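K.L.:
2 protein chains.
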Amino acid sequence: METEHFSGILAPALTAFTEQFEIDTERTVAHFQWLLKQGCDALVVFGTTSEANSLSVAERTRFLEYAISNGLDPRNVLPGTGCCSLPDSVVLSKHAIGLECPGVLTLPPFYYKAVSDEGLFRYFATLIERVGDDRLRIYLYHIPPISQVAISFDLIERLIREFPGVVVGIKDSSGDWEHTQQLIDRFAPGGFRVFPGNEMHLLPALRTGGKGCISAFANINPAILQEVFQKWQRPEAENLQEEVERQGRAVRQYPVIPALKAILAESRKDPGWENIRPPLVPLSAAQREGLLAELGAATRQ
Amino acid sequence: METEHFSGILAPALTAFTEQFEIDTERTVAHFQWLLKQGCDALVVFGTTSEANSLSVAERTRFLEYAISNGLDPRNVLPGTGCCSLPDSVVLSKHAIGLECPGVLTLPPFYYKAVSDEGLFRYFATLIERVGDDRLRIYLYHIPPISQVAISFDLIERLIREFPGVVVGIKDSSGDWEHTQQLIDRFAPGGFRVFPGNEMHLLPALRTGGKGCISAFANINPAILQEVFQKWQRPEAENLQEEVERQGRAVRQYPVIPALKAILAESRKDPGWENIRPPLVPLSAAQREGLLAELGAATRQ
Chain A
-2 METEHFSGIL APALTAFTEQ FEIDTERTVA HFQWLLKQGC DALVVFGTTS
48 EANSLSVAER TRFLEYAISN GLDPRNVLPG TGCCSLPDSV VLSKHAIGLE
98 CPGVLTLPPF YYKAVSDEGL FRYFATLIER VGDDRLRIYL YHIPPISQVA
148 ISFDLIERLI REFPGVVVGI KDSSGDWEHT QQLIDRFAPG GFRVFPGNEM
198 HLLPALRTGG KGCISAFANI NPAILQEVFQ KWQRPEAENL QEEVERQGRA
248 VRQYPVIPAL KAILAESRKD PGWENIRPPL VPLSAAQREG LLAELGAATR
298 Q
Chain B
-2 METEHFSGIL APALTAFTEQ FEIDTERTVA HFQWLLKQGC DALVVFGTTS
48 EANSLSVAER TRFLEYAISN GLDPRNVLPG TGCCSLPDSV VLSKHAIGLE
98 CPGVLTLPPF YYKAVSDEGL FRYFATLIER VGDDRLRIYL YHIPPISQVA
148 ISFDLIERLI REFPGVVVGI KDSSGDWEHT QQLIDRFAPG GFRVFPGNEM
198 HLLPALRTGG KGCISAFANI NPAILQEVFQ KWQRPEAENL QEEVERQGRA
248 VRQYPVIPAL KAILAESRKD PGWENIRPPL VPLSAAQREG LLAELGAATR
298 Q
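Residue numbers (our numbering), protein chains in the order written: chain A, -2 to 298; chain B, -2 to 298.
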């Protein structure tokens, strides 16, 4: 990883919970260590996959402090900090930057729908002003299938123009390669860092000027993603990417977050990994069985 | 109003902000007093119209305490307490009940989409368990156009069955009269209190067993809604309801929250009422002019 900016394979790291739906801090930090050892360049703590928006602000700040004081290097962390409410996003962003995280991944406010670009611009501008820290680096988080509020090209252009060096990148979880490619074509030449939010688009993104990917899939097989990242200029990258896609497709037939948790529970012989905070629910036994069979079939021996 | 339950006209009360986007506590509480004086039976403090999900938990608890200590009778308040995160909803619900509010209006968790009824049931069941207060009365908040997460009939049935006397009503902001009517037909005979979230459906709801309405429109003309409520069994209710609909239609051509704020700013000669927290924005000058003209034309002289 470069000192100041993220690149490569980032995992939106899963959060483990106890049976009482409290963050299982120890199990989660052990997972972080595994992810970094297995090939993640950095971690998104508090992404969608982390069930971040099912956590309170206090849970998020306390847990990030816990993780760092238990060995997580903040320079490897891009925390999610975007909430519905401006003050919550300010508190989380300020906190993350204060802990020396090199950037934050920020959702647009997502309660109100059909909001204007002007309203979103005011939101981000006020956020930047209130954080009031030269170290702030914002990666925008575009995930319209879930947030239902999109970050338009016009908005990105305006934010980059008004806040150069502050609004520095984007996670594109549209799931739409055309959209990712357009983002790369339009903004990567100016230094904007584009990360598809889907492992399916890792190799195409690297070949056209993207910086890596931030994919839920990295929670279960970061090594193969790192291999694609290392070898993207070589012919063998094709086969690796195809295998990523086979595995990714097997997982994405199921609700992704409980599916990933079921895979970790199985591979670590640790059923506690299936705990998930409402409104999400674990996979059913039949789903779990189907997933593990299909993922096994999709994985090279 | 009955001692224990809400009925009649409830306003999801607007929140005033300063130019720096902080809650203008004094202006907001003055508005609460006006609403109650003008005919509201009770107030939803922290509804969608209140920009509640643009506020932090701390802002919400502090402001509710402020309002009560400045004369707002908690028995007239149904606070909105539903957030994306279970612990936030627990804190807000517990706080409201502790302050002697007779109930809370609770959104389903709205970040994750396509969640299961089982997941939503677990969410509400855990909320009720954690609040752990016999005084808790939950009014469900169904507003799929914004939350994008619906509260199904099956879920309502299960919640009523499992938590009789706790899950006692619903605000139906589907905007779909068929849906409201089905809710009334199915659940009102058992004592479940159904409030359409739209003034357009006030009279039809009262005639079929609904309890009143909780409508944004009540912020600007609670008196006429109260008149419909008082006279719903008399023939003149028809004309009153028609006037409500004419005025409501004039307002609903514009983004509703800034439109209502523009109307208050105009009628009170207080431009500060137009302040609105991002991501929402005030109406443009042209919108404001159009709105005031159309509302004027729709209002009886």
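Positions of the beta carbon are idealized from the N, C-alpha and C atoms, including for glycine. Here the structure is a predicted model, which is why all the values come from computation and not from measurement.
Rounded to the nearest angstrom, what separates residue 284(A) and residue 120(B) at their Cα positions?
P.N.:
Taking the first residue of the first sequence as position 1, residue 284(A) is located at position 287. Taking the first residue of the second sequence as position 1, residue 120(B) is located at position 123. Roughly 22 Å separates the two Cα atoms.
K.L.:
Of all the CB atoms in chain A, is at least one closer than 7 Å to the CB of residue 153(B)?
P.N.:
In the second sequence, the residue the question calls residue 153(B) occupies position 156. Residue 153(B) does not count as touching chain A.
K.L.:
For residue 251(A), does the three-state DSSP call read helix, strand or coil?
P.N.:
Against the first sequence, residue 251(A) aligns to sequence position 254. Note: residue 251(A) maps to coil in three-state DSSP.
K.L.:
Using a C-beta to C-beta distance shorter than 7 Å, which residues of chain B count as neighbours of residue 85(A)?
P.N.:
Working through the first sequence from its first residue, we reach residue 85(A) at position 88. The answer, in chain order, is 53.
K.L.:
Hey, could you find the ends of the beta strand (DSSP E) residue 269(B) is sitting in?
P.N.:
In the second sequence, counting from the first residue as 1, residue 269(B) sits at position 272. No beta strand (DSSP E) contains residue 269(B), which DSSP labels as neither H nor E.
K.L.:
Got a sec: is the Cβ-Cβ distance from residue 276(A) to anything in chain B below 7 Å?
P.N.:
For the purposes of this step, residue 276(A) is taken as residue 279 along the first sequence, with counting starting at 1. By this cut-off, residue 276(A) is an interface position.
K.L.:
Between residue 266(A) and chain B, is any beta-carbon pair separated by less than 7 Å?
P.N.:
Along the first sequence, one-based indexing puts residue 266(A) at 269. Not closer than 7 Å to any Cβ of chain B, the Cβ of residue 266(A) fails to qualify, so no.
K.L.:
Of all the beta strand (DSSP E) runs that stay within the bounds of the stretch 185 to 243 of chain B, which reach a length of 3 or more residues?
P.N.:
Runs of the beta strand (DSSP E) inside the stretch 185 to 243 of chain B: 190 to 193, 209 to 211.
K.L.:
Taking Cβ-Cβ distances shorter than 8 Å, what residues in chain B pair up with residue 119(A)?
P.N.:
Here residue 119(A) corresponds to residue number 122 of the first sequence, with the count starting at 1. The contacting residues are 275, 276, 278.
K.L.:
How far does the alpha helix (DSSP H) with residue 283(B) in it extend, from its first residue to its last?
P.N.:
As a position in the second sequence, residue 283(B) is number 286, starting the count at 1. Start and end: 282 to 295.
K.L.:
Would DSSP call residue 167(A) helix, strand or coil?
P.N.:
Translated into the one-based positions of the first sequence, residue 167(A) becomes position 170. It is a strand residue.
K.L.:
Residues of chain A with a CB under 7 Å from the CB of residue 82(B): which are they?
P.N.:
Here residue 82(B) corresponds to residue number 85 of the second sequence, with the count starting at 1. Within 7 Å Cβ-Cβ: 50, 51, 52, 53.
K.L.:
Chain A beta carbons: is any one of them nearer than 7 Å to that of residue 17(B)?
P.N.:
Along the second sequence, read from residue 1 onward, the residue named residue 17(B) stands at position 20. Not an interface residue.
K.L.:
Just by C-beta distance, which residues in the stretch 136 to 150 of chain A are closer than 9 Å to chain B?
P.N.:
Listed by position, the residues of the stretch 136 to 150 of chain A near chain B (Cβ gap below 9 Å) are 142, 143, 144, 145, 146.
K.L.:
Is the beta carbon of residue 104(B) less than 7 Å from the beta carbon of residue 138(B)?
P.N.:
For the purposes of this step, residue 104(B) is identified with residue 107 of the second sequence, where counting begins at 1. For the purposes of this step, residue 138(B) is identified with residue 141 of the second sequence, where counting begins at 1. For residue 104(B) and residue 138(B), yes; Cβs fall inside 7 Å.
K.L.:
With a cut-off of 7 Å, does the C-beta of residue 112(B) fall near any C-beta of chain A?
P.N.:
On the second sequence, residue 112(B) is found 115 positions in, with the first residue counted as 1. By this cut-off, residue 112(B) is an interface position.
K.L.:
Taking only beta-carbon positions, decide if residue 46(B) is within less than 7 Å of chain A.
P.N.:
On the second sequence, position 49 is the one that residue 46(B) refers to. Chain A, which has no Cβ nearer than 7 Å to the Cβ of residue 46(B), makes this no.
K.L.:
Name, please, each residue of chain A whose Cβ falls closer than 7 Å to the Cβ of residue 116(B).
P.N.:
Position 119 of the second sequence, counted from the start, is the residue given in the question as residue 116(B). Neighbours of residue 116(B) on chain A, chain order: 275, 276, 277, 278.
K.L.:
So residue 56(A) contacts chain B; which residues on that side make the cut at Cβ distance below 7 Å?
P.N.:
By one-based count along the first sequence, residue 56(A) stands at place 59. Here the neighbours are 84.
K.L.:
Within 7 Å (strictly less), CB to CB, does residue 123(B) reach chain A?
P.N.:
The residue given as residue 123(B) occupies position 126 in the second sequence. Yes, residue 123(B) lies at the interface with chain A (some Cβ there is under 7 Å from its Cβ).
K.L.:
Excluding the 5 residues flanking residue 179(A) on each side, which residues of the same chain have their C-beta closer than 8 Å to its C-beta?
P.N.:
Numbered from its first residue, the first sequence carries residue 179(A) at position 182. Here the set comprises 150.
K.L.:
List in chain order: all unbroken alpha helix (DSSP H) runs of 4+ residues lying wholly within the stretch 122 to 149 of chain A.
P.N.:
List check, alpha helix (DSSP H) in window: 141 to 144.
K.L.:
Please report the straight-line C-alpha distance between residue 18(B) and residue 155(A), rounded to a whole angstrom.
P.N.:
Sequence index remark: in the second sequence, residue 18(B) carries index 21 (1-based). Sequence index remark: in the first sequence, residue 155(A) carries index 158 (1-based). Cα to Cα, residue 18(B) sits roughly 22 Å from residue 155(A).
K.L.:
What span of residues does the beta strand (DSSP E) with residue 6(B) cover, start to end?
P.N.:
On the second sequence, residue 6(B) is found 9 positions in, with the first residue counted as 1. Per DSSP, residue 6(B) belongs to the beta strand (DSSP E) from 5 to 9.
K.L.:
Short check: CB of residue 70(A) to CB of residue 94(A), under 7 Å?
P.N.:
Taking the first residue of the first sequence as position 1, residue 70(A) is located at position 73. Taking the first residue of the first sequence as position 1, residue 94(A) is located at position 97. No, they are not a contact pair.
K.L.:
Where does the unbroken beta strand (DSSP E) through residue 40(A) begin, and where does it stop?
P.N.:
On the first sequence, position 43 is the one that residue 40(A) refers to. Taken as a continuous stretch (DSSP letters only), the beta strand (DSSP E) holding residue 40(A) covers 39 to 41.
K.L.:
My assumption, with CB atoms under 8 Å, is that residue 8(B) sits in contact with residue 219(B). Please give the rounded CB distance.
P.N.:
Residue numbering aside, residue 8(B) sits at position 11 when the second sequence is read from its first letter. Residue numbering aside, residue 219(B) sits at position 222 when the second sequence is read from its first letter. The Cβ separation is near 6 Å, so the contact holds.
K.L.:
Counting only beta-carbon separations shorter than 7 Å, does residue 106(A) have a partner in chain B?
P.N.:
Position 109 of the first sequence, counted from the start, is the residue given in the question as residue 106(A). Yes, residue 106(A) lies at the interface with chain B (some Cβ there is under 7 Å from its Cβ).
K.L.:
Looking only at C-alpha atoms, which of 296(A), 253(A), 199(A), 292(A) sits nearest to residue 279(A)?
P.N.:
Residue 279(A) sits at position 282 when you count from the first residue of the first sequence. The shortest Cα separation from residue 279(A) among 296(A), 253(A), 199(A), 292(A) belongs to 253(A).
K.L.:
State yes or no: is the C-beta of residue 114(A) within less than 7 Å of the C-beta of residue 75(A)?
P.N.:
Position 117 of the first sequence, counting from 1, holds the residue named residue 114(A). Position 78 of the first sequence, counting from 1, holds the residue named residue 75(A). Cβ distance not < 7 Å, so residue 114(A) and residue 75(A) don't count as in contact.
K.L.:
How would you write the range of the beta strand (DSSP E) that residue 103(A) sits in, first residue to last?
P.N.:
Residue 103(A) sits at position 106 when you count from the first residue of the first sequence. Where residue 103(A) is concerned, the enclosing beta strand (DSSP E) stretches over 101 to 103.
K.L.:
Per the DSSP calculation, residue 74(B) is bridged to which residue(s)?
P.N.:
Position 77 of the second sequence, counted from the first residue, corresponds to residue 74(B). Bridge partners of residue 74(B): 40(B).
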